[in-house]
Amino acid sequence: MFRSFLKLSILTIQTAFTYITGAIGDLYDEREAANIAHIVLEYITGMNKLDRLVHKTKLLTPDQNARLKTAIEALLRLEPVQYVTGTSWFYGMELLVNKSVLIPRPETEELVEWIVQELAGKPRPHLLDIGTGSGCIPLALKKSIPAAVVSGIDVSEDALTVARDNATKQRLDVSFWHMDTLNTRQTDTLPMFDVIVSNPPYITQSEKAEMQQQVWGFEPSLALFVPDNDALLFYRYIAQLAQHKLNAGGALYFEINESLGKEVVALLEEQGFTAVVLKQDMFGKDRMVKGTFTK
C-alpha cells in the first residue's frame with residue numbers, strides 16, 4: 001500500500017489517513033495505528049481532529065504530501081511518532097523532543113502529580129530535577145507551583161538545549177545546569193533544596209532484549225541503561241547527594257524500575273531516609289518512591 005501511495009500525486013486528508021494506517025498496520029494494532037495517523041496529520045496540516053473531519057476532502061499541498069512521505073518512511077523504520085513530529089504532550093504541555101531526550105511518559109506525570117499534591121500550601125519551595133532530559137518534570141512542577149524555585153541538571157548538553165527551548169516555549173522560569181550526577185565535585189556546588197526528584201536510568205542491559213525496538217533503537221541509551229551488576233547506581237549517588245543538599249524535612253522522589261521497588265526502599269532506609277513510601281502507578285506497578293530526610 002505504501003508503494004502505491006508513493007505513486008499518487010493527489011491526496012486528500014481522508015485518503016492520507018487511510019494510507020498511514022495501512023502502511024503501519026503490520027507494526028501497530030488498529031487503535032494505535034489510527035492514533036499515530038491522527039498525530040501525523042495534525043503535525044502535517046496544522047489542523048485538529050475536528051477540522052480535519054470537516055475538511056476531509058481537502059487536498060494536501062505538494063509540501064504536505066512530501067512531509068507525509070517522509071513521516072511514513074520514518075514510522076516504517078520504527079521511529080517513535082514523537083520524534084517524527086518533534087513534539088510530545090506532558091502534563092498539558094506540548095514539549096519539544098528529539099533523539100537527545102527520552103519521550104515523556106504518563107507514569108512520570110503521576111510522579112509530578114504526587115509531588116504537587118504534597119507541596120500544596122508550601123510558600124516557596126526549592127526544587128531540583130536530576131537527569132532532566134526534555135525538562136518535562138521541572139517545567140510541570142513550575143507550571144503547577146508558580147512560586148517554586150525550580151532547577152534541572154543533566155550531563156547532556158544536547159538535552160539541556162531541548163529543556164531550555166521548552167522553558168522558553170512554555171514561558172516558564174526554570175534554571176538548567178550542565179552537571180554530571182556521578183561527579184561529586186560538580187554536584188557539591190549545588191545549593192540547598194526542599195525537594196529533589198529524579199527519573200534516572202534504571203533499565204539493566206539484560207532487560208534490553210525485552211524492550212520494543214522503538215525504545216532502544218531511538219531513545220538515548222545514556223538516559224535508559226545501567227550495568228547489570230549495579231542497577232541502583234544512580235539511586236545510590238542521588239541519595240548520597242540528597243543527604244547533603246536537602247533542607248531538614250526535605251523529600252527525595254524517584255521514578256523506579258518496577259522490579260526494583262523493594263531494593264530502592266531498602267537503599268533509602270540504609271541512607272538514613274525516613275517514612276519511605278513505595279507507590280504504584282495507574283497500572284498497579286511499583287513505579288515511585290519517596291523518602292524524607294531529617295538532619
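To convert, note that position 118 of the sequence shown is 118 in our numbering; the numbers rise steadily by one, no gaps.
For each residue, glycine too, the CB sits at the ideal point set by N, CA and C.
Using 7 Å as the threshold, is the C-beta distance between residue i and residue j below it?
{"i": "THR294", "j": "ALA275", "result": "no"}
{"i": "PHE225", "j": "PRO80", "result": "no"}
{"i": "SER151", "j": "LEU128", "result": "yes"}
{"i": "PHE176", "j": "LEU160", "result": "yes"}
{"i": "ALA37", "j": "THR15", "result": "no"}
{"i": "ILE366", "j": "LEU68", "result": "For residue 366 there is no data in the structure shown, the boundaries of the chain being 1 and 295."}
{"i": "TYR235", "j": "LEU267", "result": "yes"}
{"i": "SER88", "j": "PRO104", "result": "yes"}
{"i": "PHE17", "j": "HIS126", "result": "no"}
{"i": "LEU111", "j": "MET288", "result": "yes"}
Please identify the residue among the options whose C-alpha is closest to the C-alpha of residue i.
{"i": "LEU102", "options": "ILE115, GLN117, SER134 and GLU110", "result": "SER134"}
{"i": "LYS285", "options": "PRO106, PRO201 and SER259", "result": "SER259"}
{"i": "VAL195", "options": "LYS169, THR168 and ARG124", "result": "ARG124"}
{"i": "SER198", "options": "PRO227, VAL116, ALA147 and TYR253", "result": "TYR253"}
{"i": "GLY261", "options": "GLY22, LYS290 and SER144", "result": "LYS290"}
{"i": "ASP142", "options": "GLU157, TYR83, ARG105 and GLY92", "result": "Residue 142 is actually Lys in this sequence, not Asp. The residue with the shortest Cα to Cα distance from LYS142 is GLY92."}
{"i": "TYR28", "options": "ARG77, PRO201, ILE137 and LEU111", "result": "ARG77"}
{"i": "ILE153", "options": "MET179, LEU119 and PRO146", "result": "MET179"}
{"i": "LEU139", "options": "ARG287, THR87, GLN117 and ALA167", "result": "ALA167"}
{"i": "PRO220", "options": "GLU110, VAL112 and PRO200", "result": "PRO200"}
{"i": "ALA239", "options": "PHE273, ASP158, GLU207 and SER206", "result": "PHE273"}
Give the straight-line distance between the Cα atoms of residue i and residue j, rounded to the nearest whole angstrom.
{"i": "LEU59", "j": "ILE72", "result": "18 Å"}
{"i": "GLN170", "j": "PRO227", "result": "36 Å"}
{"i": "GLY25", "j": "THR12", "result": "20 Å"}
{"i": "THR61", "j": "ASP230", "result": "53 Å"}
{"i": "ALA74", "j": "HIS244", "result": "45 Å"}
{"i": "GLN280", "j": "VAL264", "result": "14 Å"}
{"i": "ASN35", "j": "ASP188", "result": "45 Å"}
{"i": "LEU278", "j": "GLU269", "result": "12 Å"}
{"i": "GLY86", "j": "LYS99", "result": "9 Å"}
{"i": "PHE90", "j": "MET282", "result": "16 Å"}
Where do the ends of the alpha helix (DSSP H) carrying residue i lie?
{"i": "SER151", "result": "SER151 -> not in any alpha helix (DSSP H); beta strand (DSSP E) instead, spanning 149-154."}
{"i": "THR294", "result": "No alpha helix (DSSP H) holds THR294; DSSP gives it neither H nor E."}
{"i": "VAL265", "result": "261-270"}
{"i": "GLU110", "result": "106-118"}
{"i": "GLU157", "result": "157-170"}
{"i": "SER198", "result": "Element bounds for SER198: not the alpha helix (DSSP H) but the beta strand (DSSP E), 193-198."}
{"i": "LEU222", "result": "Counting along the chain, LEU222 falls outside any alpha helix (DSSP H), and DSSP gives it neither H nor E."}
{"i": "PRO62", "result": "62-76"}
Along the chain, where does the beta strand (DSSP E) containing residue i start, and where does it finish?
{"i": "GLY25", "result": "From DSSP, GLY25 is part of no beta strand (DSSP E); its letter is neither H nor E."}
{"i": "HIS126", "result": "126-130"}
{"i": "ASN35", "result": "From DSSP, ASN35 is part of no beta strand (DSSP E) but of the alpha helix (DSSP H) over 30-45."}
{"i": "GLN280", "result": "274-280"}
{"i": "GLY249", "result": "246-255"}
{"i": "THR87", "result": "87-90"}
{"i": "SER175", "result": "174-178"}
{"i": "LEU95", "result": "93-96"}
Between residue i and chain C, is there a C-beta pair that is closer than 7 Å?
{"i": "SER259", "result": "Of the chains in the structure shown, none is chain C; there is only one protein chain."}
Rounded to the nearest angstrom, how far is the Cβ of residue i from that of residue j, given a contact under 8 Å?
{"i": "LEU222", "j": "ASP165", "result": "Incorrect: roughly 19 Å between the Cβ atoms, too far for contact."}
{"i": "ILE203", "j": "ASN247", "result": "ILE203 to ASN247, Cβ: 32 Å. No contact."}
{"i": "GLU255", "j": "THR108", "result": "6 Å"}
{"i": "ILE145", "j": "VAL116", "result": "6 Å"}
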